[in-house]
Amino acid sequence: MAHAYTPGLRVTASAILRRERRLPLKGHVLVKVGDAVGPHDVVARTDLPGNVQTINLASRLDVDPANVVQILRKRVGSDVRTGELLAETQGLFGFARRSVLAPADGFIESVSSVTGQLVLREPATPVEVSAYVRGAVVQVLPDEGVIVEARGALLQGIFGVGGETWGAIAMAVDAPDAELAPGRLRPEHRGHVVVGGAFVTHDALMRARELGVAAVVVGGLDDLDLRRLLGHDLGVAITGSENLGLTLVLTEGFGNIRMSDRAWDLLRARAGRLASVSGATQIRAGVLRPEVLIPDPDAGPAPADSGARTELALGSLVRVIRTPWFGRVGEVVELPSELRRLETEAMVRVLVVAFPEDGERVLVPRANVEIIGG
Amino acid sequence: MSGPAAVPRLEDIQSILATDCGSTTTKAILVERRYGVYRLIARGEAPTTVEAPFEDVTCGVLNAVREVEELAGRRLLDGDVILTPMQQGAGVDLYVTTSSAGGGLQMMVSGLVLQMTGESAQRAALGAGAIVMDVVALNDGRRPHERIQLLRQLRPDMVLLSGGTDGGDVRRVAELAELLVAAGPTARLGAGYELPVVYAGNQDAAGVVRDLIEPHAAVKVVANLRPALERENLRPARDAIHELFMQHVMAHAPGYRRLMSWTPVPVMPTPAAVGRMIEWLARRDHLSVLGVDIGGATTDVFSVFPGAGGEPSFHRTVSANLGMSYSIANVMAEAGLENILRWVPFPVEESELRNRIRNKMVRPTSIPQTLEDLLIEQAIAREALRLAFEQHRALAVELKGVQQERTISDALRQSGGGASVVDLLELGLIVGSGGVLSHAPRRVQAALMMVDAFLPEGLTLLAVDSIFMTPQLGVLSTVHEQAASEVFEHDCLVRLGAVLAPIGTGRPGQACVTVEVSGPDMAPVSRRVAFGEMALLPLPPASAFGRVSAVPERGFDLGAGRGRPVSARIPGGSMGLIVDARGRRPFELPAGAAGIERLRSWHRSLALYPREI
Numbered sequence: 000m001a002h003a004y005t006p007g008l009r010v011t012a013s014a015i016l017r018r019e020r021r022l023p024l025k026g027h028v029l030v031k032v033g034d035a036v037g038p039h040d041v042v043a044r045t046d047l048p049g050n051v052q053t054i055n056l057a058s059r060l061d062v063d064p065a066n067v068v069q070i071l072r073k074r075v076g077s078d079v080r081t082g083e084l085l086a087e088t089q090g091l092f093g094f095a096r097r098s099v100l101a102p103a104d105g106f107i108e109s110v111s112s113v114t115g116q117l118v119l120r121e122p123a124t125p126v127e128v129s130a131y132v133r134g135a136v137v138q139v140l141p142d143e144g145v146i147v148e149a150r151g152a153l154l155q156g157i158f159g160v161g162g163e164t165w166g167a168i169a170m171a172v173d174a175p176d177a178e179l180a181p182g183r184l185r186p187e188h189r190g191h192v193v194v195g196g197a198f199v200t201h202d203a204l205m206r207a208r209e210l211g212v213a214a215v216v217v218g219g220l221d222d223l224d225l226r227r228l229l230g231h232d233l234g235v236a237i238t239g240s241e242n243l244g245l246t247l248v249l250t251e252g253f254g255n256i257r258m259s260d261r262a263w264d265l266l267r268a269r270a271g272r273l274a275s276v277s278g279a280t281q282i283r284a285g286v287l288r289p290e291v292l293i294p295d296p297d298a299g300p301a302p303a304d305s306g307a308r309t310e311l312a313l314g315s316l317v318r319v320i321r322t323p324w325f326g327r328v329g330e331v332v333e334l335p336s337e338l339r340r341l342e343t344e345a346m347v348r349v350l351v352v353a354f355p356e357d358g359e360r361v362l363v364p365r366a367n368v369e370i371i372g373g
Numbered sequence: 000m001s002g003p004a005a006v007p008r009l010e011d012i013q014s015i016l017a018t019d020c021g022s023t024t025t026k027a028i029l030v031e032r033r034y035g036v037y038r039l040i041a042r043g044e045a046p047t048t049v050e051a052p053f054e055d056v057t058c059g060v061l062n063a064v065r066e067v068e069e070l071a072g073r074r075l076l077d078g079d080v081i082l083t084p085m086q087q088g089a090g091v092d093l094y095v096t097t098s099s100a101g102g103g104l105q106m107m108v109s110g111l112v113l114q115m116t117g118e119s120a121q122r123a124a125l126g127a128g129a130i131v132m133d134v135v136a137l138n139d140g141r142r143p144h145e146r147i148q149l150l151r152q153l154r155p156d157m158v159l160l161s162g163g164t165d166g167g168d169v170r171r172v173a174e175l176a177e178l179l180v181a182a183g184p185t186a187r188l189g190a191g192y193e194l195p196v197v198y199a200g201n202q203d204a205a206g207v208v209r210d211l212i213e214p215h216a217a218v219k220v221v222a223n224l225r226p227a228l229e230r231e232n233l234r235p236a237r238d239a240i241h242e243l244f245m246q247h248v249m250a251h252a253p254g255y256r257r258l259m260s261w262t263p264v265p266v267m268p269t270p271a272a273v274g275r276m277i278e279w280l281a282r283r284d285h286l287s288v289l290g291v292d293i294g295g296a297t298t299d300v301f302s303v304f305p306g307a308g309g310e311p312s313f314h315r316t317v318s319a320n321l322g323m324s325y326s327i328a329n330v331m332a333e334a335g336l337e338n339i340l341r342w343v344p345f346p347v348e349e350s351e352l353r354n355r356i357r358n359k360m361v362r363p364t365s366i367p368q369t370l371e372d373l374l375i376e377q378a379i380a381r382e383a384l385r386l387a388f389e390q391h392r393a394l395a396v397e398l399k400g401v402q403q404e405r406t407i408s409d410a411l412r413q414s415g416g417g418a419s420v421v422d423l424l425e426l427g428l429i430v431g432s433g434g435v436l437s438h439a440p441r442r443v444q445a446a447l448m449m450v451d452a453f454l455p456e457g458l459t460l461l462a463v464d465s466i467f468m469t470p471q472l473g474v475l476s477t478v479h480e481q482a483a484s485e486v487f488e489h490d491c492l493v494r495l496g497a498v499l500a501p502i503g504t505g506r507p508g509q510a511c512v513t514v515e516v517s518g519p520d521m522a523p524v525s526r527r528v529a530f531g532e533m534a535l536l537p538l539p540p541a542s543a544f545g546r547v548s549a550v551p552e553r554g555f556d557l558g559a560g561r562g563r564p565v566s567a568r569i570p571g572g573s574m575g576l577i578v579d580a581r582g583r584r585p586f587e588l589p590a591g592a593a594g595i596e597r598l599r600s601w602h603r604s605l606a607l608y609p610r611e612i
């Protein structure tokens with residue numbers, strides 16, 4: 000057999016959860032190695048440099064760039080307030096003076112004698128990074144951040160929107176093929192990570208947001224509802240910075256798709272536990288998947304290979320990821336080595352899947368299955 | 000690990016392995032000299048492994064090579080290393096590769112004036128195989144802090160800074176450099192290396208620019224890409240981009256250091272390699288050529304048309320977010336569902352179509368299993384190709400090429416928004432590449448996707464890359480042109496035939512054009528095709544030539560004038576001659592149920608699919 004395999008998503012009860020918490024710029028680290036941290040604890044802080052305003056003094060005051068330093072009324076590096084005098088020409092006998100005032104609060108970063116340009120830096124914005132995951136600081140990245148580590152369960156979704164959040168897990172439906180309807184959401188779900196089954200509607204998401212639900216984890220969503228949620232059609236799949244009022248993680252894909260048993264069982268067994276959730280997804284180079292992290296100090300050691308299974312074999316449990324059997328789960332019962340002709344007339348490598356519900360056996364391109372166990 | 004030190008003597012090269020690490024799939028080909036001619040022996044592919052959980056491009060390369068080993072029935076690897084040179088029937092003499100994995104080479108470019116040095120800088124970067132994320136210029140309409148914000152956010156792999164003609168004002172160029180320094184942009188891959196910056200502007204400002212930037216980034220100064228207003232010199236900037244691509248960007252991408260150690264030839268950005276082959280083909284056949292490579296994340300369009308002085312001028316554009324897997328949802332967002340559905344000959348629920356497209360986006364390696372699914376995918380491809388072509392026409396304006404002389408009036412005309420060099424009536428050959436075209440189950444499907452997207456006029460030859468190996472041959476041609484050209488002609492380029500499309504419009508059923516085809520070993524064929532119809536006529540095989548003669552009705556033009564006949568000797572092809580009498584200028588598709596019926600009738604006429612849907 001050739002190397003036909005499909006990288007799957009990680010769904011594991013026991014993994015080392017290690018997350019780098021890094022500032023966008025250098026700053027101050029507020030914790031030390033060995034400190035226990037909760038998701039909301041601030042671990043590092045910095046000031047993001049303010050916007051830059053450039054003012055060409057040479058052209059505004061009609062002087063040679065080499066001479067702009069002489070007409071400055073504030074030194075490079077000094078703070079200025081809006082409207083304060085930055086530079087001024089004397090004019091003839093004190094008449095026809097011309098001046099430039101500061102357009103914003105900030106400090107004078109530089110003045111160039113080549114271009115005659117003054118760079119005014121506006122006040123900095125404070126930025127904080129939280130621990131995100133309950134665990135311990137295992138490494139300090141000097142001036143930049145820390146690495147927080149915990150042991151516990153990890154579930155990667157296939158697509159998500161919304162940023163990092165956390166809350167206790169609450170099962171809002173009874174089965175992995177159930178739909179998360181608005182009526183399933185109750186006031187006590189406020190601040191929780193709510194688990195639905197196969198599908199969530201826009202109405203239910205709106206209800207969740209209204210109730211203050213931290214995150215919704217569910218099998219599938221209609222793309223039309225994603226558009227309604229975002230307010231536009233998502234073009235390039237780079238998400239995580241949306242300000243939606245809640246985070247959404249899809250475990251399976253778009254449409255009504257039963258949540259995989261592995262994901263469902265993992266979440267159900269941890270109902271009530273604190274989970275950290277991120278919807279950030281990047282579906283292209285440097286792929287990033289949404290995630291649910293459930294720290295558990297009692298979780299056993301991570302198995303040697305806790306990654307996604309990648310080798311197709313007889314007996315592998317697979318899910319079909321494309322029409323006409325999209326979302327169905329079955330067992331690989333044949334792996335023919337020769338190419339087979341599809342209805343489209345394409346000659347491709349295939350496998351035969353048996354579906355347990357009705358015993359039906361179907362031919363599926365190897366490219367169209369995802370290994371989920373076995 | 001030390002790699003092969005040098006390319007072996009060309010006459011000693013019997014066996015060559017070449018790979019292309021695409022954003023979705025890594026493709027490997029094995030080329031060998033048999034009876035004095037280089038031919039393709041086997042091809043293998045495997046998913047690209049730049050991403051988690053592998054994060055090492057060489058895993059995908061090795062997997063693709065193992066498939067080649069199986070198919071060729073001989074050993075090429077020694078464990079996890081490509082065996083070179085070939086010894087006792089194992090290994091290869093040369094390994095070369097291209098790469099667009101990891102999102103390809105993403106660049107920011109800047110110039111003083113958007114339409115002058117900004118445009119030249121953009122062409123230099125595109126010609127080097129980069130994706131241009133944005134162009135910053137002093138007249139780009141943004142305020143300085145907005146430019147700084149942009150430079151900071153985009154995190155390019157490299158910056159090309161240009162501006163000014165030699166001997167011109169130093170100050171304005173220094174302003175651009177100051178902007179860059181104030182932004183302090185960081186590179187996309189790896190926090191531990193300096194952002195590479197190529198300076199190719201006013202040489203009088205080179206010292207000032209170097210002093211400003213050097214403390215913050217790895218700056219390389221090369222000759223001005225616009226030394227004078229009427230002169231463009233892109234080669235030094237392109238070469239510097241390639242060099243820094245290897246030294247900085249590739250060296251920091253996951254697994255590339257190891258990959259680079261396997262080959263004595265620099266890893267080439269995939270689009271640069273494809274462009275090289277398209278240029279070579281246009282020059283060899285004395286044709287205007289349009290090439291398109293539609294991938295998972297991006298679509299590249301290449302063209303060679305006569306420039307201002309009559310010399311062939313090469314253009315390349317990349318549509319960074321138009322593609323058939325990672326970027327498929329963006330095609331939907333940019334084209335709109337109604338434009339996709341106008342190519343689908345059956346009703347589809349909007350909700351169902353949207354979910355299908357999104358599911359392809361999140362699971363990019365899946366393929367259509369049903370005929371309905373194939374038709375939908377090919378409909379999306381038409382729109383991706385159409386949008387990419389529109390972008391190409393907008394950017395491929397007037398000249399350019401390396402060291403091409405222009406008059407000042409040319410330059411000024413360009414600054415006012417020069418006319419596109421792409422002339423559909425002048426176009427001689429369209430070459431399609433990329434999974435959806437190369438792997439279309441029937442070649443006529445690939446042909447019609449290209450015809451629908453580009454709407455060629457008059458008589459135009461059509462070809463596809465048989466199994467998508469133009470990139471590998473492009474990089475191979477840098478060291479072994481004979482091997483690359485022999486494989487390209489014998490195993491890569493599949494001549495499909497041609498399309499004949501009269502310009503004009505009329506009423507459905509109205510007489511439009513009469514076509515005759517003759518050639519060796521075939522009975523002459525004559526057909527009248529009415530307006531609004533399509534027909535497929537036979538042509539001799541690709542190895543022979545045939546003659547196409549056509550007489551358009553009054554009001555229709557095939558390039559010789561309205562109602563005037565044309566006749567041409569053209570190479571044959573496996574598909575034949577498509578007579579496309581659907582009209583041009585304008586081309587209009589009927590909507591609704593009538594549109595569906597019309598699509599079905601065209602599909603029947605061309606025997607496009609095995610059954611009607």
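Residue numbers (numbering that gives the first Met the number 0), protein chains in the order written: chain A, 0 to 373; chain B, 0 to 612. Every residue, glycine too, gets a C-beta built ideally from N, C-alpha and C. Quantities reported herein were computed from a predicted structural model and do not represent experimental measurements.
- Chain A places a beta carbon closer than 8 Å to that of valine 207(B), counting this residue as a contact.
- The bridge partners DSSP lists for threonine 469(B) come to none.
- For tryptophan 165(A), the secondary structure class from DSSP, reduced to helix, strand or coil, is strand.
- Taking a contact as a CB-CB distance under 8 Å, the pair valine 266(B) and serine 98(B) counts as one, their CB atoms being some 5 Å apart.
- For the segment 359-392 of chain B, the residues whose beta carbon sits under 7 Å from a beta carbon of chain A are, in order, Met360, Val361, Arg362, Thr364, Ser365, Ile366, Pro367, Gln368, Thr369, Leu370, Asp372 and Leu373.
- Here leucine 423(B) carries a coil assignment [DSSP, helix/strand/coil].
- At a beta-carbon threshold of 7 Å, the residues of chain A lying near asparagine 354(B) are Asp221, Asp222, Phe253 and Gly254, ordered along the chain.
- DSSP places lysine 26(B) within a strand segment (E or B) once states are collapsed to three.
- Residues of chain A whose Cβ lies closer than 7 Å to the Cβ of glutamate 213(B) do not exist, since the nearest Cβ in that chain is about 15 Å away.
- Only exposed fits arginine 568(B), as fewer than 16 other CB atoms lie within 10 angstroms of its CB.
- If you compare the alpha carbons of Val331(A), Asp295(A), Gly314(A) and Arg21(A) with that of alanine 167(A), the shortest gap goes to Asp295(A).
- Counting every other CB atom within 10 Å of its CB across the protein chains shown gives proline 214(B) a total below 16, marking it as exposed.
- DSSP, read as helix, strand or coil, puts aspartate 224(A) in helix.
- In the DSSP assignment, lysine 219(B) falls within the unbroken beta strand (DSSP E) covering 217-220.
- Restricting attention to alpha helix (DSSP H) runs no shorter than 4 residues, the segment 33-72 of chain B encloses them at 56-71, ordered along the chain.
- Interface annotation, histidine 479(B): not in contact with chain A, CB-CB separation never under 8 Å.
- Judged by beta-carbon spacing, alanine 298(A) lies beyond the 8 Å limit of glycine 134(A), meaning their Cβ atoms are not closer than that value.
- For glutamate 242(B), the closest C-alpha among the options Gly59(B), Lys219(B), Glu382(B) and Leu321(B) is that of Lys219(B).
- For aspartate 133(B), the enclosing beta strand (DSSP E) begins and ends at 129-136.
- Listed along chain A, the residues sitting closer than 7 Å to alanine 328(B) by beta-carbon distance are Leu233, Gly234 and Ala236.
- Threonine 11(A) sits in a strand when the DSSP states are folded into three classes.
- In this structure, the straight-line span from the alpha carbon of tyrosine 198(B) to that of leucine 119(A) is close to 26 Å.
- Here glycine 211(A) has Arg189 and Gly190 as same chain residues with Cβ atoms under 7 Å from its own Cβ, once five neighbours each way along the sequence are excluded.
- For serine 365(B), there is no enclosing alpha helix (DSSP H), as DSSP marks it with neither H nor E.
- Distances from the alpha-carbon of methionine 360(B) to those of Leu424(B), Gln509(B), Val516(B) and Ser324(B) put Ser324(B) closest.
- With fewer than 16 other CB atoms across the displayed protein chains lying within 10 angstroms of its CB, threonine 81(A) is exposed.
- Against chain A, the CB of isoleucine 277(B) has no partner CB under 8 Å away; the residue lies outside that interface.
- Against chain A, a Cβ distance below 9 Å from alanine 332(B) picks out His231, Asp232, Leu233, Gly234 and Val235.
- Residues of chain A with a Cβ closer than 8 Å to the Cβ of valine 248(B) do not exist; the shortest Cβ-Cβ separation is about 12 Å.
- Nearest Cα to glutamate 611(B) within the set Val343(B), Asp579(B) and Arg146(B): Val343(B).
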